[in-house]
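**Q** With UniProt numbering applied, the sequence shown corresponds to residues 1 to 165, in that order. Each residue gets a CB set at the ideal place from its N, CA and C atoms; glycine is no exception. For clarity, every value in this text was computed on a predicted model and none was experimentally measured.
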Amino acid sequence: MESPQAKVHANKEAFIEGVDHILSKWTALELAVHNEWGGPDAREKREDVVDEIVEYFDKLASKRQTPEPTDLQELLLDIMAADFEVTLEDGSESEVAKLLCTIFAECKTGNFATVDRLADEREARERSGAVPSAVAQSRRHEQQGGGDEESDSSEDDDGDVSMEE
């Protein structure tokens with residue numbers, strides 16, 4: 001006899017896929033994984049992030065609670081700090097949390113439009129070889145033999161100077 005957990009509901013399957021698509025667009029996480037800020041098992045940790053987020057929503061759903069982006073932001077900040085030793089200061093966790101809450105609400109009702117759009121965007125990025133610009137910059141820096149930062153400031157693509165510690 002098949003266990004009740006063996007088959008995942010289509011709505012949850014779409015949500016899990018959507019979470020993965022959203023995280024693939026999150027530059028901070030992709031940089032952390034690419035640069036192994038979480039150690040050599042950073043890719044596995046990224047997969048664990050998907051699981052942690054899905055579990056967070058599962059717990060709320062089982063209690064019939066509505067997810068709040070502000071609570072999810074805290075979880076995302078905690079995950080990035082604990083798993084990847086990253087302290088976010090760009091506010092990106094807010095955008096990620098809002099989008100995760102949106103797809104959760106949509107998937108719960110069987111609406112997969114946003115997940116489908118995210119899948120299409122990801123497929124287009126992968127087909128074109130496009131990667132988040134910060135990851136591309138990191139790769140170029142590695143290929144040019146760059147190591148530790150020698151300067152306290154650097155010029156970004158816009159010509160603005162960003163200060164680094």
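#1: State yes or no: is the C-beta of Asp107 within less than 8 Å of the C-beta of Pro69?
#2: Which term fits Gly38, buried or exposed, when burial requires 16 or more other beta carbons within 10 angstroms of its beta carbon?
#3: In its own chain, which residues sit with a C-beta less than 7 Å from the C-beta of Lys59, not counting the 5 before and 5 after it?
#4: Run through DSSP, which three-state label would Pro69 get?
#5: May I ask which residues mark the beginning and end of the alpha helix (DSSP H) holding His21?
#6: Can you give the Cα-Cα distance for Glu47 and Lys98, rounded to whole angstroms?
#7: How is the alpha helix (DSSP H) around Lys63 delimited, first residue to last?
#8: Which term fits Gly91, buried or exposed, when burial requires 16 or more other beta carbons within 10 angstroms of its beta carbon?
#9: Would you call Ala10 buried or exposed, if buried means 16 or more other Cβ atoms sit within 10 Å of its Cβ?
#10: How far does the alpha helix (DSSP H) with Asp120 in it reach, from first residue to last?
#11: How is the alpha helix (DSSP H) around Glu85 delimited, first residue to last?
**A** So, to answer that:
#1: What sits at residue 107 in the sequence shown is Cys, not Asp. No.
#2: buried
#3: none
#4: helix
#5: 10-25
#6: 20 Å
#7: Run containing Lys63: none; DSSP gives neither H nor E here.
#8: exposed
#9: exposed
#10: 113-128
#11: From DSSP, Glu85 is part of no alpha helix (DSSP H); its letter is neither H nor E.
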